[in-house]
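Student: In terms of my numbering, the sequence shown opens at residue 253 and continues consecutively.
For each residue, glycine too, the CB sits at the ideal point set by N, CA and C.
Below are the structure tokens for one structure; questions will follow.
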Amino acid sequence: MKHSYFQGPIDKRDYDALLAEFSLDLDQRKAERGRLPQALKLAVEAWDGQDHPPSSIDTAIILKQLGVDEDTLVAALLTDARLRDDWPEDRVRETFGDAVASLTRQVNWLNTFKECSQADADEETPPHKAETLRRMLLATVDDVRAVLIKLAWRVQRLRGLPGEAEPVRRCIARETLDLYAPLANRLGVAQLKWELEDLSFRHLHPDTYRELARSMDDNRAGREAWIEDFVGRVRSALAEAGIEAEVYGRPKHLYSIWKKMQRKGVSARELADLLAVRVIVQTVPQCYMALGVVHGLWQNLPHEFDDYIAHPKDNGYQSLHTAVIGPGGRVVEIQIRTE
Numbered sequence: 253m254k255h256s257y258f259q260g261p262i263d264k265r266d267y268d269a270l271l272a273e274f275s276l277d278l279d280q281r282k283a284e285r286g287r288l289p290q291a292l293k294l295a296v297e298a299w300d301g302q303d304h305p306p307s308s309i310d311t312a313i314i315l316k317q318l319g320v321d322e323d324t325l326v327a328a329l330l331t332d333a334r335l336r337d338d339w340p341e342d343r344v345r346e347t348f349g350d351a352v353a354s355l356t357r358q359v360n361w362l363n364t365f366k367e368c369s370q371a372d373a374d375e376e377t378p379p380h381k382a383e384t385l386r387r388m389l390l391a392t393v394d395d396v397r398a399v400l401i402k403l404a405w406r407v408q409r410l411r412g413l414p415g416e417a418e419p420v421r422r423c424i425a426r427e428t429l430d431l432y433a434p435l436a437n438r439l440g441v442a443q444l445k446w447e448l449e450d451l452s453f454r455h456l457h458p459d460t461y462r463e464l465a466r467s468m469d470d471n472r473a474g475r476e477a478w479i480e481d482f483v484g485r486v487r488s489a490l491a492e493a494g495i496e497a498e499v500y501g502r503p504k505h506l507y508s509i510w511k512k513m514q515r516k517g518v519s520a521r522e523l524a525d526l527l528a529v530r531v532i533v534q535t536v537p538q539c540y541m542a543l544g545v546v547h548g549l550w551q552n553l554p555h556e557f558d559d560y561i562a563h564p565k566d567n568g569y570q571s572l573h574t575a576v577i578g579p580g581g582r583v584v585e586i587q588i589r590t591e
């Protein structure tokens, strides 16, 4: 995915393309006169004559891909720093409504938290301090969508780091791993968590990242085809057992692979479980029923089983974790949880 839509001055085609991007699921009336096109136009105009593209547009594109509601998209577009003076909260409320005004106020408040200093680049935040900061961020807002906007903004910030000095890159990447990626995990936004972690890993350990990425690319197509077949078998078995479930599969993302390599003291080639599956069911009893179905299909690895439903993690995370030896002897990590 491109870091930004814009590489030079915006022309009408750029704006039309953006309008189509954001208004694809809106009717023609909204596409012509709705809040989203109006907010988008304001964000584009705020960039006119500036050197850098509007981060608010990249942020909103990320949120669009997550399927958020229109209030969240509009608020994301209006949180560009260049709009704050001309668009105070009262004016936003009058034009875009109470919900958007409240969201922009809360996001602007979150933006007052100072980014890490360069001196912090190589120092991990102590776990208790990081947890305190995460709790504080959540406590300062009453609408979790504001935090979601902040997380999407951090993703686009990381995507744009390659052009900045190394101390800045390391500083922001370290802070992301300590604070924002765990926050995304707490909110259950896996897609943002994975990208926050992988981009941070890339900036903190560039050589290791490149080497691992190359080794994973060698047989990416084969791994993806294999896991698609595996997921299909799980879906069919759960359906036959009368368990309504959503099943997703993916090759594990690079940061999680690297962390497991560090923990086990092995290379990527020695690490068997590079594939992961997530099963989402409706109730806690169904979690255990689904676990039984999966263990009935393939041999499980007892030492890889964790019951975070009976014994939640300190951050409140609840899920069943298991690993099985799938077809061809390939190990697959499986997480089973409710929505």
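For Trp478, which residues from the same chain have a beta carbon less than 6 Å from its beta carbon, with the 5 sequence-adjacent residues on both sides left out?
Tutor: The answer is none, since no qualifying residue turns up.
Student: Compute the Euclidean distance between the alpha carbons of Leu288 and Leu330, then round it to the nearest angstrom.
Tutor: Taking the straight line from one Cα to the other gives about 10 Å.
Student: Checking the sheet assignment: what are the DSSP bridge partners for Arg530?
Tutor: Tyr500, Gln587.
Student: Label Val529 either buried or exposed according to how many other C-beta atoms from any shown protein chain fall within 10 Å of its C-beta, with 16 as the threshold for buried.
Tutor: The residue is buried, with at least 16 neighbouring Cβ atoms inside 10 Å.
Student: Report the rounded CA-to-CA distance for Arg466 versus Asp337, giving the unit in angstroms.
Tutor: Between Arg466 and Asp337, the C-alpha separation is close to 46 Å.
Student: Roughly how many whole angstroms lie between the Cα atoms of Thr392 and Ala433?
Tutor: So the alpha carbons of these two residues sit roughly 18 Å apart.
Student: What number of angstroms, rounded off, separates the C-alpha of Trp339 from the C-alpha of Ser307?
Tutor: Taking the straight line joining both Cα atoms gives about 17 Å.
Student: Report yes if the CB atom of Gly578 is closer than 7 Å to the CB atom of Phe482, and no otherwise.
Tutor: Yes, the Cβ-Cβ distance between Gly578 and Phe482 is below 7 Å.
Student: Excluding five sequence neighbours on each side, which residues of the same chain lie with their C-beta closer than 7 Å to the C-beta of Gln358?
Tutor: Val393, Asp395, Ala398.
Student: Give the DSSP-derived three-state secondary structure of Asn360 in the structure shown.
Tutor: The answer is helix: DSSP assigns Asn360 an H, G or I state.
Student: Check the C-beta distance from Asn552 over to Val533 and give it rounded, since I have them as a contact under 8 Å.
Tutor: With a Cβ gap of about 18 Å, Asn552 and Val533 do not count as contacting.
Student: So what does Asp310 bridge to, in DSSP terms?
Tutor: None, per the DSSP bridge assignment.
Student: Measuring only the C-alpha atoms, how far is Leu278 from Val531?
Tutor: Confidence at Leu278 is low in this model, with a pLDDT of 46, below 50, so its placement is unreliable and the value that follows should be read with caution. The straight-line gap from Cα to Cα measures roughly 32 Å.
Student: Buried or exposed: Phe453, going by 16 or more other Cβ atoms within 10 Å of its Cβ?
Tutor: Buried.
Student: Can you tell me the Cβ-Cβ gap for Ala520 and Ile509, rounded? I've got them flagged as a contact below 8 Å.
Tutor: Right, their Cβ atoms sit about 6 Å apart.
Student: Where does Gln570 sit, in a helix, a strand or coil, going by DSSP?
Tutor: Of the three classes helix, strand and coil, the one that applies to Gln570 here is coil, per DSSP.
Student: Using DSSP with H/G/I as helix, E/B as strand and the rest coil, what is Val576?
Tutor: Three-state DSSP puts Val576 in a strand.
Student: Specify, as a first and last residue, the run of the alpha helix (DSSP H) that Thr535 falls within.
Tutor: Here Thr535 belongs to no alpha helix (DSSP H), and DSSP marks it neither H nor E.
Student: Using only alpha-carbon positions, find the residue among Gly501, Ser354, Ala295 that is nearest to Val486.
Tutor: The shortest Cα separation from Val486 among Gly501, Ser354, Ala295 belongs to Gly501.
Student: Using DSSP bridges, identify the partner residues of Asn437.
Tutor: Answer by DSSP bridge pairing: none, since Asn437 is not bridged.
Student: Let me check one thing: in DSSP terms, what residues is Ala551 bridge-paired to?
Tutor: According to the sequence shown, residue 551 is Gln rather than Ala. Ile577.
Student: With Val420 as the anchor, note down where its alpha helix (DSSP H) starts and where it stops.
Tutor: Start and end: 418–427.
Student: Return the residue from the list Arg386, Pro503, Arg582, Ala562 that minimises the CA-CA distance to Ala436.
Tutor: Looking at the Cα atoms, Arg386 is the closest of the given residues.
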